[in-house]
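One structure is given below, encoded as C-alpha coordinates.
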Amino acid sequence: MIAQMSEHDLLEVVEIEEHSGLSRWGWSAYYSELQSVNRELMLIARHDHEPAEHEHRILGYIIARETAGELHINNVAVREDQRRRGIGLALLTKIVDEARRKQVTTAFLEVRSGNLAAQALYEKVGFQAIARREGYYTEPKEDAAIMSLELT
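So the working numbering is basically just the index in the sequence shown, starting at one, shifted up by 8.
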(Lines of atoms letter the chains of each structure in order from A and count residues from 1; the text may use other names and numbers.)
(Lines give C-alpha, C1' and ligand atoms only; values in the text may rest on other atoms or scores of the structure.)
Protein backbone atom coordinates (compact mmCIF):
# COMPACT_ATOMS: atom_id res chain seq x y z
CA MET A 1 0.00 0.00 0.00
CA ILE A 2 1.25 3.51 -0.86
CA ALA A 3 0.61 6.18 1.79
CA GLN A 4 1.73 9.64 2.86
CA MET A 5 4.94 9.65 4.88
CA SER A 6 4.62 10.79 8.48
CA GLU A 7 7.01 11.61 11.29
CA HIS A 8 6.42 8.10 12.68
CA ASP A 9 7.97 6.63 9.52
CA LEU A 10 11.27 8.50 9.69
CA LEU A 11 13.37 6.01 11.64
CA GLU A 12 12.65 3.27 9.10
CA VAL A 13 13.07 5.69 6.18
CA VAL A 14 16.52 6.68 7.44
CA GLU A 15 17.39 3.00 7.95
CA ILE A 16 16.44 2.26 4.32
CA GLU A 17 18.45 5.29 3.18
CA GLU A 18 21.55 4.12 5.08
CA HIS A 19 21.44 0.70 3.42
CA SER A 20 20.66 1.98 -0.08
CA GLY A 21 23.81 3.94 -0.83
CA LEU A 22 21.88 7.18 -1.28
CA SER A 23 23.38 10.55 -0.51
CA ARG A 24 22.61 10.95 3.18
CA TRP A 25 19.79 13.25 4.24
CA GLY A 26 19.25 11.97 7.76
CA TRP A 27 16.32 12.26 10.13
CA SER A 28 16.36 16.06 10.55
CA ALA A 29 16.29 16.73 6.79
CA TYR A 30 13.34 14.38 6.28
CA TYR A 31 11.57 15.91 9.27
CA SER A 32 12.11 19.40 7.84
CA GLU A 33 10.66 18.29 4.50
CA LEU A 34 7.61 16.87 6.26
CA GLN A 35 6.99 20.31 7.76
CA SER A 36 7.12 22.03 4.35
CA VAL A 37 4.15 22.70 2.08
CA ASN A 38 5.32 19.94 -0.29
CA ARG A 39 4.59 17.18 2.23
CA GLU A 40 2.21 15.45 -0.18
CA LEU A 41 5.22 14.50 -2.30
CA MET A 42 6.68 12.22 0.37
CA LEU A 43 5.31 8.70 0.08
CA ILE A 44 6.02 5.32 1.63
CA ALA A 45 5.21 1.78 0.56
CA ARG A 46 4.16 -0.49 3.39
CA HIS A 47 2.69 -3.93 3.91
CA ASP A 48 -1.01 -4.36 3.15
CA HIS A 49 -1.20 -6.47 6.31
CA GLU A 50 -0.07 -5.87 9.85
CA PRO A 51 3.60 -6.94 9.76
CA ALA A 52 4.84 -9.72 12.01
CA GLU A 53 7.01 -8.68 14.92
CA HIS A 54 10.24 -9.39 12.99
CA GLU A 55 9.08 -7.65 9.78
CA HIS A 56 9.76 -4.05 8.88
CA ARG A 57 6.66 -1.94 8.38
CA ILE A 58 8.02 0.27 5.57
CA LEU A 59 9.21 -1.35 2.35
CA GLY A 60 10.33 1.74 0.45
CA TYR A 61 9.84 5.46 -0.02
CA ILE A 62 10.00 8.31 -2.52
CA ILE A 63 10.67 12.01 -1.96
CA ALA A 64 9.96 14.66 -4.59
CA ARG A 65 9.47 18.41 -4.73
CA GLU A 66 7.35 20.44 -7.12
CA THR A 67 8.74 23.81 -8.17
CA ALA A 68 7.49 26.08 -10.96
CA GLY A 69 5.53 23.35 -12.71
CA GLU A 70 8.35 20.80 -12.56
CA LEU A 71 8.73 17.75 -10.35
CA HIS A 72 12.18 16.89 -9.05
CA ILE A 73 12.46 13.38 -7.64
CA ASN A 74 15.09 13.52 -4.89
CA ASN A 75 15.17 9.98 -3.49
CA VAL A 76 13.65 6.61 -4.26
CA ALA A 77 14.68 3.62 -2.16
CA VAL A 78 13.38 0.12 -1.44
CA ARG A 79 14.60 -2.27 1.25
CA GLU A 80 17.18 -4.57 -0.27
CA ASP A 81 15.20 -7.73 0.56
CA GLN A 82 12.08 -6.25 -1.07
CA ARG A 83 13.60 -5.21 -4.41
CA ARG A 84 12.37 -6.56 -7.75
CA ARG A 85 8.82 -6.89 -6.44
CA GLY A 86 7.35 -3.79 -8.11
CA ILE A 87 7.59 -1.52 -5.06
CA GLY A 88 9.83 1.08 -6.69
CA LEU A 89 7.63 1.05 -9.79
CA ALA A 90 4.50 1.54 -7.66
CA LEU A 91 6.07 4.49 -5.82
CA LEU A 92 7.22 6.14 -9.04
CA THR A 93 3.88 5.58 -10.75
CA LYS A 94 1.99 7.07 -7.80
CA ILE A 95 4.14 10.19 -7.61
CA VAL A 96 3.98 10.74 -11.39
CA ASP A 97 0.19 10.34 -11.26
CA GLU A 98 0.01 12.88 -8.42
CA ALA A 99 2.17 15.30 -10.42
CA ARG A 100 -0.07 14.94 -13.46
CA ARG A 101 -3.13 15.56 -11.29
CA LYS A 102 -1.49 18.81 -10.16
CA GLN A 103 -0.79 19.69 -13.80
CA VAL A 104 2.97 19.48 -13.44
CA THR A 105 4.52 19.44 -16.92
CA THR A 106 7.88 17.70 -16.48
CA ALA A 107 9.60 15.39 -14.00
CA PHE A 108 13.37 15.22 -13.50
CA LEU A 109 15.77 13.12 -11.48
CA GLU A 110 19.46 12.36 -11.18
CA VAL A 111 20.76 8.83 -10.91
CA ARG A 112 24.26 7.45 -10.55
CA SER A 113 25.63 6.63 -13.99
CA GLY A 114 26.58 3.16 -12.80
CA ASN A 115 23.17 2.36 -11.33
CA LEU A 116 21.78 0.59 -14.38
CA ALA A 117 19.01 -1.17 -12.43
CA ALA A 118 17.58 2.17 -11.28
CA GLN A 119 17.89 3.63 -14.77
CA ALA A 120 15.97 0.66 -16.19
CA LEU A 121 13.24 1.20 -13.58
CA TYR A 122 12.94 4.88 -14.48
CA GLU A 123 12.78 3.99 -18.17
CA LYS A 124 9.82 1.67 -17.43
CA VAL A 125 7.92 4.73 -16.21
CA GLY A 126 8.95 6.66 -19.34
CA PHE A 127 11.97 8.65 -18.16
CA GLN A 128 14.71 9.28 -20.73
CA ALA A 129 18.34 10.22 -20.15
CA ILE A 130 18.87 13.78 -21.39
CA ALA A 131 22.25 14.85 -19.97
CA ARG A 132 25.14 13.93 -17.71
CA ARG A 133 26.55 15.82 -14.70
CA GLU A 134 30.21 15.09 -14.15
CA GLY A 135 31.27 14.40 -10.57
CA TYR A 136 27.76 15.05 -9.22
CA TYR A 137 27.93 12.38 -6.53
CA THR A 138 30.49 12.03 -3.77
CA GLU A 139 31.32 9.02 -1.59
CA PRO A 140 32.07 7.51 -4.03
CA LYS A 141 32.56 10.13 -6.68
CA GLU A 142 30.46 9.39 -9.75
CA ASP A 143 28.71 11.14 -12.61
CA ALA A 144 24.94 11.50 -12.67
CA ALA A 145 22.63 10.76 -15.55
CA ILE A 146 19.87 13.36 -15.68
CA MET A 147 16.57 11.84 -16.73
CA SER A 148 13.31 13.54 -17.59
CA LEU A 149 9.70 12.65 -18.29
CA GLU A 150 7.15 14.86 -20.04
CA LEU A 151 3.91 14.66 -18.07
CA THR A 152 1.55 16.48 -20.42
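Backbone N, C-alpha and C define an ideal beta-carbon position, used for all residues, glycine too.
Around the beta carbon of glutamate 25, a 10 Å sphere encloses 16 or more other beta carbons of the protein chains shown; the residue is thus reported as buried. Distances from the alpha-carbon of glutamate 142 to those of Phe135, Glu131, Gln136, Ile154 put Ile154 closest.
A straight line joining the alpha-carbon of serine 44 with that of alanine 37 spans about 11 Å. Among the bridge pairs identified by DSSP, glutamate 158 is matched with Thr114. Exclusion of the five residues before and after histidine 64 leaves Glu20, Arg87 as the residues of its chain whose Cβ lies within less than 7 Å of its Cβ.
Within the DSSP secondary-structure output, histidine 27 pairs in no beta bridge. Sixteen is the threshold: since fewer than 16 other Cβ atoms of the shown chains lie within 10 Å of the Cβ of glutamate 158, the residue is exposed. Residues Trp35 of the same chain have their beta carbon placed closer than 6 Å to that of valine 22, with the five preceding and five following residues left out of the count. Excluding the 5 residues flanking it on each side, arginine 91 has no same chain C-beta neighbour closer than 6 Å.
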